[in-house]
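Data first, discussion second: the structure below is written as structure tokens.
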Amino acid sequence: MHLPEPKNLPYKTLLADIEKGLIKIPQFQRDYVWSKERAAGLIDSILKGYPIGTFITWKTKEALRVVKDLGGVELPPVPEGDFAEYVLDGQQRMTSLFCALKGVQIQRGKKIDDFADIFVDLNASEHDKIVVIDPTELEQGTYISLTNLINAGLTVLASFDTKYHAKLEEHKQTLQGYNFSLIEVKEAALDVATEIFTRINVGGKPLSLFEIMVAKTFDASEEFDLSEKFETLVDRLREVGYDTISDATVLQTVALVIGKECKRQNILSLDKKRFIEEWPKVASAIESAVDYFRGYYRIPVSKLLPYNSLLAPFAYFFYHHNDKPLENKQLFLEDFLWRVSLGGRYSSSVEGKLAQDIKRIDQILGDEQPSYDWAIDTSAQFIQDNGSFNAGRSYVKALLCIMAYQEPKSFIDGSVVHISNDWLKQANSRNYHHYFPRAFLRKQGLGDDHSNHIGNITIVDDFLNKRKIGAQAPSVYMSKFAEQNPELETHMSTHLIELQEWGIWEDDYNAFLTKRCEKLSEEIRKRLVLREQDKNAHQSVNVEDLDELALEADL
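Residues in the sequence shown are numbered from 1 upward in steps of one, following UniProt numbering.
Structure (structure tokens):
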């Protein structure tokens with residue numbers, strides 16, 4: 001990278017370079033938000049000879065996704081082989097100058113701001129406001145539109161009273177002779193340029209890795225726009241309830257496929273051409289992974305996934321293996337899923353752990369059983385000790401996935417419970433029901449720390465949860481359901497609950513919780529390839545074992 005170079009940019013050069021496509025606004029800049037009045041104030045400062053601040057640009061041959069037009073004025077692409085100057089600081093000022101001097105119209109929702117309606121008051125002194133947007137209080141013939149001042153010929157200017165001719169010429173010369181201050185950053189790497197942008201805009205939101213990669217991978221000739229491609233993928237996943245998958249997870253997946261590493265620097269250094277080439281197959285692999293989650297594991301919606309990042313190793317698998325996994329591959333993949341989910345694997349340092357786990361997926365692809373350096377305690381006692389219910393915890397989500405696998409049926413009529421991403425945003429979701437209602441247990445002297453437990457959670461519909469059960473004792477509301485539903489016992493088995501000898505009819509919460517945790521323990525063991533290390537496990541679970549990417553939404 002060359003040292004930043006200060007320079008002056010004459011008025012005509014600035015406008016010409018914008019119109020030629022040499023000066024560009026990168027798409028990661030925020031939308032143009034300045035008002036017409038503020039733009040008029042900028043022109044007013046120029047006419048008074050005031051400094052208007054320094055523009056900072058990045059000079060490079062790297063092609064980025066850019067703003068394609070300003071107010072209906074289509075800006076050409078950068079001429080092939082030429083350097084582009086991407087605006088890192090001063091976008092609002094530069095856009096205001098262009099809009100005001102060209103008299104363009106800016107659509108803002110249903111409103112149109114016409115920048116042709118900016119006028120110069122010919123009677124104003126340097127102490128007055130020279131540039132105005134409302135000339136109704138000025139006499140006809142004492143003001144001129146800014147665009148006429150700049151572009152009109154002698155005939156128009158001569159139509160003004162001769163006493164204004166000198167003022168007209170002075171204002172025109174001041175504008176056209178103005179030198180804009182610019183600092184040029186030459187040929188820096190993309191991550192350096194975006195870091196400069198972020199540091200300059202300290203009051204704004206830092207650029208996400210995805211925003212940087214959208215800019216980096218844009219290719220008009222290939223009709224590739226990562227932002228649009230990602231939205232298309234999300235739209236397809238929305239149809240099957242997996243639209244909460246993050247852009248960070250998708251970038252991780254591409255990086256793992258291409259280079260088996262997915263740290264921020266690995267993603268930023270991905271070759272643009274390779275990224276574009278691999279995208280269709282990676283997107284297809286992501287959809288295959290989602291289909292497998294929904295079909296084989298019966299995880300109906302993405303909000304139940306213990307980790308967003310689980311999609312990356314599974315998509316990697318399906319990138320290299322088009323068919324549904326069978327026999328050993330199926331067995332080892334399932335073991336991998338539950339070891340990651342129950343072991344808190346991706347709660348921290350997720351990028352490094354994904355790179356390690358891709359080696360395990362490579363082994364599975366070769367029908368080899370991977371080894372793991374962490375054990376899973378499958379005991380009922382461990383669940384009882386570590387089952388504090390928080391819908392964001394990966395350990396709890398894993399157990400919710402096991403519950404969802406049973407395709408839980410309604411207590412009332414046996415209809416399938418509808419599980420929705422919209423309903424799973426918080427612990428008091430309409431889908432989550434405390435089988436022994438907390439309000440009931442409070443009356444028995446039990447606090448929420450004991451009653452708010454995954455072993456006390458069932459997945460139900462909102463109607464049942466809020467309107468039919470409320471704070472009633474299980475023995476009371478289950479007796480009512482037994483009268484309405486002759487197959488209640490069968491339907492309760494889809495919630496991993498047995499009605500007899502579990503303390504339900506006696507309203508014995510401790511007996512129920514013990515039995516439910518034993519049942520969940522049994523289900524966990526079905527899903528693991530148990531090893532000697534698991535039998536003597538001394539696993540610890542952090543109660544804050546939340547999905548790192550669900551919290552960060554970026555790398």
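We put the beta carbon where it would ideally sit given N, CA and C, even for glycine.
The structure displayed is predicted, hence computed values, not measured ones.
Assigned exposure category for residue i - 16 Cβ within 10 Å defines buried
{"i": "residue 66", "result": "buried"}
{"i": "residue 387", "result": "buried"}
{"i": "residue 109", "result": "exposed"}
{"i": "residue 38", "result": "exposed"}
{"i": "residue 112", "result": "exposed"}
{"i": "residue 476", "result": "exposed"}
{"i": "residue 20", "result": "exposed"}
{"i": "residue 252", "result": "buried"}
{"i": "residue 308", "result": "buried"}
{"i": "residue 553", "result": "Per-residue confidence for residue 553 stands at a pLDDT of 36, beneath the threshold of 50, marking its modelled position as unreliable; the derived number appears in the next sentence. Classification of residue 553: exposed, given that the 10 Å Cβ count is below 16."}
{"i": "residue 437", "result": "buried"}
{"i": "residue 434", "result": "buried"}
{"i": "residue 326", "result": "exposed"}
{"i": "residue 530", "result": "exposed"}
{"i": "residue 310", "result": "buried"}
{"i": "residue 458", "result": "buried"}
{"i": "residue 485", "result": "buried"}
{"i": "residue 247", "result": "buried"}
{"i": "residue 122", "result": "buried"}
Member of the options whose CA lies at the smallest distance from the CA of residue i
{"i": "residue 191", "options": "207, 257, 114 and 411", "result": "207"}
{"i": "residue 168", "options": "144, 287 and 487", "result": "144"}
{"i": "residue 366", "options": "344, 395 and 320", "result": "320"}
{"i": "residue 515", "options": "503, 525, 507 and 241", "result": "503"}
{"i": "residue 490", "options": "128, 414 and 340", "result": "414"}
{"i": "residue 188", "options": "444, 438 and 3", "result": "3"}
{"i": "residue 50", "options": "263, 41, 92 and 57", "result": "41"}
{"i": "residue 501", "options": "511, 493 and 60", "result": "511"}
DSSP state of residue i mapped onto helix, strand, coil
{"i": "residue 145", "result": "strand"}
{"i": "residue 354", "result": "helix"}
{"i": "residue 409", "result": "strand"}
{"i": "residue 302", "result": "helix"}
{"i": "residue 58", "result": "strand"}
{"i": "residue 120", "result": "strand"}
{"i": "residue 345", "result": "coil"}
{"i": "residue 254", "result": "helix"}
{"i": "residue 131", "result": "strand"}
{"i": "residue 548", "result": "The pLDDT assigned to residue 548 is 47, lower than 50, so where the model puts this residue is not dependable; a value taken from the coordinates is nonetheless given after this. Looking at residue 548 - three-state DSSP - the assignment turns out to be helix."}
{"i": "residue 30", "result": "coil"}
{"i": "residue 531", "result": "coil"}
{"i": "residue 247", "result": "helix"}
{"i": "residue 65", "result": "coil"}
{"i": "residue 53", "result": "coil"}
{"i": "residue 219", "result": "strand"}
{"i": "residue 445", "result": "coil"}
{"i": "residue 17", "result": "helix"}
{"i": "residue 363", "result": "helix"}
{"i": "residue 494", "result": "coil"}
{"i": "residue 324", "result": "coil"}
{"i": "residue 335", "result": "helix"}
{"i": "residue 499", "result": "coil"}
{"i": "residue 162", "result": "helix"}
Where the beta strand (DSSP E) through residue i begins and ends
{"i": "residue 181", "result": "179-186"}
{"i": "residue 453", "result": "Unbroken run through residue 453: none, as it is neither H nor E."}
{"i": "residue 556", "result": "The question about residue 556 has no answer, for the chain in this structure spans 1 to 555."}
{"i": "residue 9", "result": "5-10"}
For residue i, the first and last residue of its enclosing alpha helix (DSSP H)
{"i": "residue 513", "result": "509-527"}
{"i": "residue 381", "result": "380-386"}
{"i": "residue 266", "result": "264-268"}
{"i": "residue 93", "result": "91-102"}
{"i": "residue 279", "result": "272-295"}
{"i": "residue 471", "result": "Counting along the chain, residue 471 falls outside any alpha helix (DSSP H), and DSSP gives it neither H nor E."}
{"i": "residue 156", "result": "154-158"}
{"i": "residue 167", "result": "165-176"}
{"i": "residue 35", "result": "First-last for residue 35: undefined, no H or E at that position."}
{"i": "residue 196", "result": "190-200"}
Residue i CB to nearest heavy atom of the ligand MG below 7 Å
{"i": "residue 527", "result": "The ligand MG is not part of this structure, which contains no ligands at all."}
Residues bridged to residue i (per DSSP)
{"i": "residue 434", "result": "457"}
{"i": "residue 311", "result": "Partner(s): none; residue 311 has no beta bridge."}
{"i": "residue 86", "result": "24 and 58"}
{"i": "residue 107", "result": "112"}
{"i": "residue 70", "result": "73"}
{"i": "residue 416", "result": "409"}
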